[in-house]
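So the structure is just underneath, and the comments pick up after that.
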Amino acid sequence: MCGIVGAYVASGDVVPGLVQGLSVLEYRGYDSAGIAAVIDGELRVRKRRGRLSNLEEALEDGGLSGGLAGIGHTRWATHGVPSDVNSHPHQGASGRVAVVHNGIIENYALLKRELLEGGESFLSETDTEVLARLIDQTWAEEGTDQAALMRAMRRALGRVSGYYAIAVLATTDDGTCLLAMRQGPPLVVGTTEDGGFLSSDVLGLVPHTRQVVYLEDGDLAQLEPGRLTVTDAAGDVVERPSREVEWDPSDSGRGGYPHYMLKEIHEQPDVIERTCIDRIDLASGDVRFEGGAFDDAFCNSIERIQILGCGTALHAGQIARYLIEGLAGLPVEFDFASEFRYRSPRVAPGTVALAITQSGETADTLGATRLARELGARVASICNVAGSSQVRESEATILTHAGPEIGVASTKAFTAQLTAAVLLAVRIARSRGTMSEDEGRALLTELSELRPKVESLLTQESVARTRDAARTHAGARGFLFLGRGVNFPVALEGALKLKEIAYVHAEGYAAGEMKHGPIALIDPGMAVLVVNAEGPVAEKTRSNIEQVKARGGVTVSVGSDGASHAIADSYVPVPRTSEWLSPILNTIPLQLISYHIAEIHGCDIDKPRNLAKSVTVE
Ligand code: F6R
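Counting from 1, one number per residue, gives the positions in the sequence shown under my numbering.
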């Protein structure tokens, strides 16, 4: 949510690299984009409402060319409408300081009033301009050089409550100064002989370096070519560990697909295999996680699991609940991370709070797991980003190997989370003795052999089938997605995908709940997608198809239950697998149906309106 970049290069022109960094981070927000650079000792800014292409046009005048240091921003608007003037960077009155910001300054109104009373004037409606003017004013009190600016940053930000990752570019009496500070949202930095770089996430850094440093809350970093200096909240110089990033710069491209979402859907055979294959030990019918995570001692100490997450990740968590309860016999609860903190949760002794998150930076999920820890829980996570805040704050983590997910609508991260959840459920079940070696081996063999089944859902013929289903139903007034048991959350996820990328009203419902209300919605204008896999609940779900048909509704059966296909108006077949693994397969045609409906409606699939990836504010 908002992406920030910064660079100070030894030679050449800093702006093309900043633009490239913003293009990679644009998924974090696309309401506006802007850059500030120091040219011949003067701070200059270009910023435009809308997509990065608008900024690129504005940069064509060359006014920002030839500078060595700069900062950039791509915005998801929180305070103030998307407009040129509300775009970042924002400047202080001296014209010598520019600020880009990801986060929210909660007491900005109070600070703004004070600044106004002191004679400051404001151009924008943003909280960030308050920050820029406060830093600038405090700097004037401290001095005119870089050391004074750093003191001013600490003083100014000491008055701020909220969450921020900021980059500050300034022309000081002793040169050009690029600073970054973090309290909440992520910030990664890296240096090479050729430059010092900062970014909201590692994708913005990998074109420059694979060795990155994650700043901690309270850190203030100064970046120069070949040099990084970090001081902690106490003002002491500290060495933060540097980590090697596995992601490749080419991972952030579209790879020939028209959209990241489609590329990421097609990556799922690799992703699912990467997430499970090296962890499966068929000889023992068990799972081995890196570094001995979730070993017998840990698993046997768990009395209860509290799953926390948001959106798609929470849907994976709901499926994890069925898996862990069903296979390991442990009580599991799940909650929206955004709600967990606002009830009075009771955390029983022996609770493990399991955060599920692609980015590892979702503010609600981090906040909820921190609260769970305060209340006595141990924290574990399923996460896609090594080095993220969530991973660093977890005692045990299962990394999903989905690679960077750039499409705003989560696809491959979800099926990777489901794969990780199967592994975790088996590990706990084997450790607690609720699953025999043979049972473990059977399920893990099925998982390790899932790849061809996943691939079969992505052949031209299968994709065409989902496109046909999309064409048939794109004009429906609304969509109901139904599922039962472990496939109920798949229905929730199917509905969420359709809402977010095609802007069509869709509801996911537990199939058995339909007759308690939503059945009133059924008429020929309502498309009902029923997710059904062979297994103990298949017959009951079939009855729901009959009930919808009896009321004139239009049904599409998705799954491996042939008997459902026989009674539905149309169907999308899915290969047979264990019921526990069926959500992984059933999800894929639903992703494709949403994709094609969004395409038919001409929606901006990778950048759905109002959304942004990595929700780092509450
Ligand atoms: C939907 C989607 C969101 C995220 C949610 C949590 O397609 O992507 O619902 O799942 O914002 O994000 P993470 O997983 O990064 O915590």
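Even for Gly, the Cβ is constructed at its ideal location relative to N, Cα and C.
Determine the contact status of Y30 and L52, defining contact as a CB-CB distance below 9 Å. Here the question's residue 30 lines up with position 30 in the sequence shown. Here the question's residue 52 lines up with position 52 in the sequence shown. Yes, Cβ-Cβ distance for Y30 and L52 is below 9 Å.
N102 - partner residues in DSSP beta bridges: Position 102 of the sequence shown, counted from the start, is the residue given in the question as residue 102. Looking at the DSSP assignment, N102 forms a beta bridge with A165.
Taking DSSP's pairing of strands, which residues face Q91 in a bridge? Walking along the sequence shown from the start, residue 91 turns up at place 91. The partner list for Q91 (beta bridge, DSSP) reads A98.
Sub-9 Å separation of G367 and E125 beta-carbons: Working through the sequence shown from its first residue, we reach residue 367 at position 367. Working through the sequence shown from its first residue, we reach residue 125 at position 125. The answer is no: Cβ separation not under 9 Å.
First and last residue of the uninterrupted beta strand (DSSP E) at R573: Numbered from 1 along the sequence shown, position 573 holds the residue referred to as residue 573. Contrary to the premise, residue 573 reads as Pro rather than Arg in this sequence. Per DSSP, the continuous beta strand (DSSP E) segment holding P573 begins and ends at S570 to P573.
Rounded C-alpha distance that separates D604 from W139: Residue numbering aside, residue 604 sits at position 604 when the sequence shown is read from its first letter. Residue numbering aside, residue 139 sits at position 139 when the sequence shown is read from its first letter. Approximately 43 Å between the Cα atoms of the pair.
Bridge partners for K47 per DSSP, in chain order? Your numbering for residue 47 matches position 47 in the sequence shown. Looking at the DSSP assignment, K47 forms a beta bridge with G34.
Start and end residues, beta strand (DSSP E) containing M526: As a position in the sequence shown, residue 526 is number 526, starting the count at 1. Here the beta strand (DSSP E) through M526 covers M526 to N532.
Enumerate, from N- to C-terminal direction, the unbroken beta strand (DSSP E) stretches of 3 or more residues contained entirely within the segment 288-319. The DSSP assignment places 304-309 as complete runs of the beta strand (DSSP E) inside the segment 288-319, in order along the chain (cut-off: 3 residues).
Which residue comes first and which comes last in the alpha helix (DSSP H) that contains G21? Walking along the sequence shown from the start, residue 21 turns up at place 21. Where G21 is concerned, the enclosing alpha helix (DSSP H) starts and stops at V15 to L25.
Output yes or no for whether 9 Å exceeds the beta carbon distance between V572 and I545. As a working note, residue 572 is residue 572 in the sequence shown. As a working note, residue 545 is residue 545 in the sequence shown. Against a cut-off of 9 Å, the Cβ pair of I545 and V572 comes out as no contact.
Quick one: give me the first and last residue of the beta strand (DSSP E) that D335 is part of. Along the sequence shown, one-based indexing puts residue 335 at 335. Run containing D335: V332 to F336, per the beta strand (DSSP E) assignment.
So, with DSSP's three-state summary, where would you put T191? Your numbering for residue 191 matches position 191 in the sequence shown. Assignment of T191 by DSSP, reduced to helix, strand and coil, places it in the strand class.
What three-state label does DSSP hand G326 in the structure shown? The residue labelled residue 326 in the question sits at position 326 within the sequence shown. Correct three-state label for G326: helix.
What does the alpha-carbon distance come out to for the pair L330 and P345? The residue you call residue 330 lines up with position 330 of the sequence shown. The residue you call residue 345 lines up with position 345 of the sequence shown. Straight-line Cα distance between these residues: approximately 19 Å.
Report yes if the C-beta of L492 is less than 8 Å from at least one heavy atom of the ligand F6R; otherwise report no. Position 492 of the sequence shown, counted from the start, is the residue given in the question as residue 492. L492: no, Cβ never under 8 Å from the ligand F6R.
Counting C-beta neighbours from all protein chains within 10 Å, is the total for I277 16 or more, i.e. buried, or is it exposed? On the sequence shown, position 277 is the one that residue 277 refers to. Answer is exposed; the Cβ neighbour count stays below 16.
Euclidean distance between Cα positions of K412 and G143: Along the sequence shown, read from residue 1 onward, the residue named residue 412 stands at position 412. Along the sequence shown, read from residue 1 onward, the residue named residue 143 stands at position 143. Rounded to the nearest angstrom, the two C-alpha atoms are 51 Å apart.
Given a threshold of 16 other Cβ atoms within 10 Å of its Cβ, counted over all protein chains shown, does D219 qualify as buried or as exposed? Counting from 1 along the sequence shown, the entry for residue 219 is found at position 219. D219 comes out buried.
Over what stretch of residues does the beta strand (DSSP E) that includes Q211 continue unbroken? In the sequence shown, residue 211 corresponds to position 211, counting from 1. Q211 to Y214 is the extent of the beta strand (DSSP E) around Q211.
Taking DSSP as the reference, what is the three-state secondary structure of T144? Residue 144 sits at position 144 when you count from the first residue of the sequence shown. Coil at T144, not helix or strand.
Nearest-angstrom Cα distance between I588 and A416? Position 588 of the sequence shown, counting from 1, holds the residue named residue 588. Position 416 of the sequence shown, counting from 1, holds the residue named residue 416. Each residue's Cα considered, the two are about 12 Å apart.
Can you pull the DSSP bridge partners for S594? As a working note, residue 594 is residue 594 in the sequence shown. According to the DSSP secondary-structure assignment, S594 is paired through a beta bridge with no residue.
By alpha-carbon positions, which one of G360, L581 and L492 ends up nearest to P185? Mapped onto the sequence shown, residue 185 falls at position 185. A check of alpha carbon separations from P185 across G360, L581 and L492 identifies G360 as the nearest.
Going by CA-CA distance only, name the one from I356, A152 and L418 that's closest to R274. Within the sequence shown, residue 274 is the residue found at index 274, counting from 1. Looking at the Cα atoms, L418 is the closest of the given residues.
Do L169 and A69 have their beta-carbon atoms positioned less than 9 Å apart in this structure? Residue numbering aside, residue 69 sits at position 69 when the sequence shown is read from its first letter. Residue numbering aside, residue 169 sits at position 169 when the sequence shown is read from its first letter. Result yes, Cβ atoms of A69 and L169 sit closer than 9 Å.
For I305 versus A363, is the C-beta distance shorter than 9 Å? Your numbering for residue 305 matches position 305 in the sequence shown. Your numbering for residue 363 matches position 363 in the sequence shown. Contact annotation: I305 and A363 have beta-carbon atoms that are not nearer than 9 Å.
Within the continuous alpha helix (DSSP H) that includes L498, where are the two ends? Sequence index remark: in the sequence shown, residue 498 carries index 498 (1-based). Unbroken alpha helix (DSSP H) run through L498: F488 to A502.
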